[in-house]
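For the sequence shown, our numbering begins at 1 and goes up steadily by one. By construction, the Cβ of each residue, glycine as well, lies at the ideal position given by its N, Cα and C atoms. Input: a single structure, listed below in structure tokens.
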Amino acid sequence: MRSFTKSLFVLIGFVLLIAAKSDDVNKHTKHPLVGASYSFIFEDLDGNEVNLDEMYDKTIFLNFWASWCAPCLKEMPSIKYAKEQLKDTNYEFVLVSDDNPMNIVNFKRKYKYPFMHLYSPVSKTDLGVDILPHTYIIKNGMILAVYEGTYDWTAKTYIDQLRDMAH
1 MRSFTKSLFV LIGFVLLIAA KSDDVNKHTK HPLVGASYSF IFEDLDGNEV
51 NLDEMYDKTI FLNFWASWCA PCLKEMPSIK YAKEQLKDTN YEFVLVSDDN
101 PMNIVNFKRK YKYPFMHLYS PVSKTDLGVD ILPHTYIIKN GMILAVYEGT
151 YDWTAKTYID QLRDMAH
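Laid out in structure tokens, this is it:
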């Protein structure tokens with residue numbers, strides 16, 4: 001009887017693991033903001049306005065981060081990897097922070113990541129961003145997916161998801 005109970009718990013755990021994994025794959029497209037039309041306006045590091053609506057023909061990987069956010073910094077190399085893997089698509093990788101603009105400039109100089117770094121004069125919470133890092137995938141002015149928290153963008157699953165959203 002003990003062996004049967006142990007086997008049953010193992011089976012239940014396996015089923016729950018599969019359910020959690022399959023739900024995890026789709027949660028990004030079930031976020032309440034998915035399907036919403038958004039118009040984001042930020043500033044470049046020279047103080048010029050950058051309206052993401054002008055990138056209407058691009059698929060935008062819009063990542064909110066902060067220089068003080070350890071999970072954000074941990075995620076950056078994998079975002080660089082994703083950018084390299086998706087260079088044959090129409091992706092534009094845009095990283096936005098409401099940090100002091102000099103912190104963003106210093107970060108960009110130090111790490112030399114090949115992203116468009118922008119400053120948001122509007123607080124991230126006013127933009128619906130409660131968790132850092134926080135990524136929106138936007139195409140034609142519409143949010144296609146929302147990724148809250150840190151992701152390993154080197155994972156094939158995420159590269160495939162991003163590639164599918166580019167077409």
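Between G149 and Y56, how many whole angstroms is the CB-CB distance? I'm expecting something under 8 Å. Not a contact, Cβ separation roughly 28 Å.
Name, in chain order, the residues that DSSP records as bridge partners for S97. Answer is Y119, bridged to S97.
Could you compute how far the alpha carbon of D46 sits from the alpha carbon of Y91? 23 Å
Exposure label - V122; buried when at least 16 CB within 10 Å: exposed
Which same chain residues end up closer than 8 Å to C69 when comparing Cβ atoms and leaving out the 5 residues on each side of it in sequence? L132 and P133
Out of I159, Y147, N48 and V96, which has the shortest C-alpha to C-alpha gap to F115? Closest by alpha carbon: V96.
Quick one: what's got a C-beta closer than 6 Å to L144's C-beta in the same chain, skipping five residues either side? I137 and M165
CA-CA distance, T157 and Y151? 11 Å
Alpha carbon to alpha carbon, how far is K108 from H167? Give it in angstroms, no decimals. 30 Å
Backbone secondary structure at V129 - three-state DSSP: Correct three-state label for V129: coil.
Below 8 Å on the Cβ atoms is my contact criterion, and I expect Y147 with T135 to pass it. Report the Cβ-Cβ distance as a whole number of Å. Y147 to T135, Cβ: 4 Å. Contact.
Along the chain, where does the alpha helix (DSSP H) containing L162 start, and where does it finish? K156 to A166
Have a look at the DSSP bridge pairing and note the partners of F64. F64 pairs with V96 and H134.
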